[in-house]
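Since the structure comes first, as structure tokens, the remarks are kept for the end.
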Amino acid sequence: MEWILLGIVGLLILYVIIEYNKLVRHRNIFQNAFKQIDVTLKQRHDMIPQLVSTVKGYAKHEQETLNGVIEARNQAEKMRDQTDSGDAKSMLALGQAEGVLGKAMGGIFALSEAYPDLKADGAFRDLMEQLTSIENKVAASRRGYNNTVLEYNNVLETFPTNILANMFSFTRASELEFDDREAIQDAPKVEF
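Per this note's numbering, the very first residue in the sequence shown carries number 996; after that it's consecutive.
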């Protein structure tokens, strides 16, 4: 009888260890996916001053638009630095800041239409192509991150793992959603 009881306790302990490790593995996967977004957003933010500098030479009378882009970029960079992928509020704030930046970048695209010489500038075209590529990477990284968050949350909420998750203080992860969904879902189409 003791051996059976010890066997049951041993199996229960083994089960807890396996489920705990599964939760940790899924949490690490979604945190790594967020780091991929973080790297891509940093690339995006780093390109904006170059883009504004290029546009400044052609659109001297558009200072308000350019200042808006720089201000939105600075706010998005600040939020990126402060974001914790496990905190719903900071993820929401990051999404909002990136949405504002996306809208501000739309002003740069509009300027290229208003200034044909800017549109023809080789450096501007190169920057816009790089930015389009980065926007595609942001969208792909965001989809990947949100998929890993979904997997993690499903594991977290499934019985009986949810009991262990509560015991070990695992919490739901938040998806990353941008305010300007249309702008981020489809990268800007640059036509010259």
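Backbone N, C-alpha and C define an ideal beta-carbon position, used for all residues, glycine too.
Could you tell me if residue i is buried or exposed, where buried requires 16 or more neighbouring beta carbons within 10 angstroms of its beta carbon?
i, result
"I1032", "buried"
"F1187", "Confidence in F1187 is poor, its pLDDT being 42 and thus under 50, which makes the residue's placement too unreliable to answer from."
"Q1180", "Below a pLDDT of 50, predicted positions are generally treated as unreliable, and Q1180, at 46, falls in that range; the measurement from the model is reported next regardless. That one is exposed."
"V1004", "exposed"
"V1144", "buried"
"D1041", "exposed"
"L1122", "buried"
"R1020", "exposed"
"M1074", "buried"
"D1116", "buried"
"L1126", "buried"
"E997", "exposed"
"I999", "exposed"
"L1106", "buried"
Going along the chain, which residues of its own chain have a beta-carbon closer than 7 Å to the beta-carbon of residue i, five neighbours each way excluded?
i, result
"P1044", "none"
"V1047", "L1061, V1064 and I1065"
"Q1077", "S1085"
Going by C-alpha to C-alpha distance, which of the options sits closest to residue i?
i, options, result
"G1139", "F1029, E1093 and N1161", "F1029"
"K1055", "G1005, D1112, E1130 and S1128", "D1112"
"N1016", "F1154, V1150 and L1171", "V1150"
"S1164", "L1171, E1152, F1173 and E1172", "E1152"
"E1172", "L1089, A1118 and K1132", "L1089"
"F1154", "L1000, L1006 and E1014", "E1014"
"E1124", "L1006, R1039, I1012 and I999", "R1039"
"I1158", "G1052, E997 and V1011", "V1011"
"F1141", "A1083, A1160 and R1120", "At residue 1141 the sequence reads Asn, which differs from the Phe that was named. Nearest of A1083, A1160 and R1120 to N1141, Cα basis: A1083."
Looking at the ligand PLP, does it come within less than 8 Å of residue i, judged from the CB to the closest heavy atom?
i, result
"M996", "No copy of the ligand PLP occurs in the structure displayed, which carries no ligand at all."
Starting from the C-beta of residue i, find all residues in its chain whose C-beta is less than 6 Å away, skip the five residues before and the five after it, and write them out in chain order.
i, result
"M1086", "S1169 and L1171"
"E1072", "H1040"
Spatial neighbours of residue i within its chain, please: CB distance less than 8 Å, with the 5 preceding and 5 following residues excluded, ordered by chain position.
i, result
"N1148", "R1167 and A1168"
"E1108", "K1114"
Validate contact between the stretch 1093 to 1104 and the stretch 1019 to 1028 using beta carbons, cut 8 Å, 3 pairs: Using a C-beta cut-off of 8 Å, the stretch 1093 to 1104 makes no contact with the stretch 1019 to 1028, since fewer than three inter-stretch Cβ pairs fall below that distance.
At least three beta-carbon pairs within less than 8 Å, the stretch 1035 to 1044 to the stretch 1126 to 1137: Yes, the stretch 1035 to 1044 touches the stretch 1126 to 1137.
Cβ contact check for the stretch 1062 to 1070 and the stretch 1099 to 1109: 3 or more pairs under 8 Å: Touching, yes, given that three or more Cβ pairs across the two stretches are closer than 8 Å.
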